[in-house]
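In this note's numbering, the protein residues as written are -17 to 161. A virtual CB, placed ideally from N, CA and C, is assigned to each residue, including glycine. Working notes, beginning with the structure itself.
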Amino acid sequence: MSLPSRVLVLSLSMALAGASSVSVCPTLAAPQSANQSYQQPTNQKISREEALKIARTQVPGSQHSTTIPKNFPVPVYTSNVSKTNFIHSTKGNPSASANIITSDDPAKVFKWYQAVCQRDKWKMQVPTDKLRATTKMDSNFYMLDATKQHHRIMIYCYKNPDPRQPGSIVNIAWSIAGR
């Protein structure tokens, strides 16, 4: 799956996972507040159902679900979860994206994922405090990149931008390392 396709998958999965919506462009996607509708690059507002149709046509070879499978390579955070979404490839290189909305704080969710990855012997890389300060990452955004055998995961935990749903959004991207 090409980078623009992966960005589109991640963006659409965020829109489909919960009340928060995104603006999607083939090369750039950014979370928007939940009181805004999902928008195509032409700024045309569309419903969640239409977003799902776009995901199926714009990203051929993908399957979408609101349930994350039990065999996903990383355990799913389950505390105070209100919504989940899952997208995986059905053609080409194997890849998947799991998205979780929880009312828990991003730092709490991230610490849980760090502990799980350490327990399960993933080789993790996280930004240093110096890098976090340089890039102005605050307590509302956390990320890690990890590998184990031929698997690679990238986990992002950040504050839900929807003021009506305080808590976190978690994005987990999985792929076969080196592909």
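DSSP puts residue i in a beta bridge; with which residues?
i    : result
K73  : Answer is none; K73 lacks a bridge partner.
K141 : S150
L82  : Sequence check: residue 82 is Ile here, not Leu. Paired residue(s): T66, V152.
F54  : None, per the DSSP bridge assignment.
So, helix, strand or coil for residue i, using DSSP?
i    : result
K65  : strand
Q96  : helix
A159 : coil
K103 : coil
K130 : strand
Could you tell me which of the options sits nearest to residue i, measuring between CA atoms?
i    : options                : result
K90  : A155, K52, P57, S121   : S121
P109 : V58, V152, W94, A128   : A128
D111 : M125, K105, C99, N142  : M125
C139 : Q96, F123, G149, F68   : F123
G74  : A80, E32, G43, Y59     : G43
W94  : S29, H133, S150, S47   : S150
T84  : P76, A155, K65         : K65
W156 : F68, Q147, S29, N142   : F68
I82  : T60, K103, H133, R101  : T60
Q131 : P55, F92, R146         : P55
W104 : R146, I137, N142, V152 : I137
Let me know if residue i comes out buried or exposed under the rule of 16 or more other beta-carbons within 10 Å of its beta-carbon.
i    : result
H70  : buried
P88  : buried
I158 : exposed
T49  : exposed
A97  : exposed
N53  : exposed
A115 : exposed
N62  : exposed
D144 : buried
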